[in-house]
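Colleague: Okay, handing you the structure first.
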Amino acid sequence: MSRLVSRILLSIFMFPLASIFYIFVIVLVDSTVRTPNYRDREDAEFLASGFLTWMVVAVYWCLLWRSGVHWNSSRVRHTLLAALGAATVGLVTGAFAGSLINNGDGSFGIFIGGVLTIILWLVATVFIWRETTVERADRVKGASKSAITCPTCGYNLTGLSESRCPECGSKFTLNELMALQLTTDKEIE
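Residue numbers (the numbering used here): 441 to 629.
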């Protein structure tokens, strides 16, 4: 299994794990917070669960994709701004949803705002962390230095099971390809 496929699977498993963590924090806060007003305790449960779940998801997401992202100051800044924006939109939407449902029940709005914040931040990071064309060109150029290419047309022959170029049809023995590749690498240096 490739790294990318395993990362995607781990990304999919993040949602059920976050749900379990969310419920765990609700139970934990319910057993520790003592307030005479039930609504205050319920609001505290949802607020703590939403915030802590978002922190766990953010750490999990960053650790999962850290080696696949070309980190620079702009990406870090945009990621933090996306967190602030997602939290703001989540809080405003949660407050609005809470005021519409159940005569201003704050806990429902806090729940909606927390879930929305997590989803918005994840979507934003997908766009912020994606590879730019310059980064892709550098990655491809770096990978092609070790690739075996056709001496006639330059087509990348890496991974082929025969020594015939599918692009131009030229045939070479493996020894000829390796010898030509070594001389091409020396000329580049």
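No residue lacks a Cβ here, since even glycine has one placed at the ideal position from N, Cα and C. Keep in mind the model is a prediction, meaning the values are calculated, not measured.
For the region 506-525 against the region 481-489, are there 3 or more C-beta pairs whose distance is under 8 angstroms?
Modeller: They do not touch, by the three-pair rule.
Colleague: If you follow the alpha helix (DSSP H) that Pro456 is in, where does it begin and where does it stop?
Modeller: Looking at the DSSP string, the run of the alpha helix (DSSP H) that includes Pro456 is 443-472.
Colleague: Counting only the same chain and skipping the five closest in sequence on each side, list residues whose C-beta sits under 6 angstroms from that of Val496.
Modeller: Answer for Val496: Phe461, listed in chain order.
Colleague: Among Thr528, Thr573, Ile588, which has the Cα closest to the Cα of Ile559?
Modeller: Answer by Cα proximity: Thr528.
Colleague: What residues match up with Thr589 in a beta bridge as DSSP calls it?
Modeller: BP columns for Thr589 point to Asn596.
Colleague: So what's Arg570 in DSSP terms, helix, strand or just coil?
Modeller: The answer is coil: DSSP assigns Arg570 none of H, G, I, E or B.
Colleague: Suppose the cutoff is 6 angstroms on Cβ atoms and the five residues either side in sequence are ignored; what does the same chain contact list for Pro591 look like?
Modeller: Correct list, in chain order: Leu620.
Colleague: In the DSSP output, which residue or residues are listed as bridge partners for Arg604?
Modeller: Partner(s): Lys611.
Colleague: Taking the C-alpha atoms as reference points, what is the distance between Val580 and Ala535?
Modeller: Between Val580 and Ala535, the C-alpha separation is close to 47 angstroms.
Colleague: Please check the pair Thr613 and Ser601, which I expect to be a contact at CB under 8 angstroms, by giving their CB distance rounded to whole angstroms.
Modeller: With a Cβ gap of about 14 angstroms, Thr613 and Ser601 do not count as contacting.
Colleague: Between Tyr500 and chain D, is the shortest Cβ-Cβ distance under 7 angstroms, so that the two count as touching?
Modeller: Chain labels in this structure do not include chain D; a single protein chain is all it has.
Colleague: Run through DSSP, which three-state label would Glu629 get?
Modeller: Any reading at Glu629 is ruled out, since the residue's pLDDT is 47, under 50, leaving its predicted position unreliable.
Colleague: Ordered along the chain, which non-local residues of its own chain (more than five positions away) have a Cβ less than 8 angstroms from that of Cys608?
Modeller: Only Cys590, Thr592, Cys593, Tyr595 meet the Cβ criterion.
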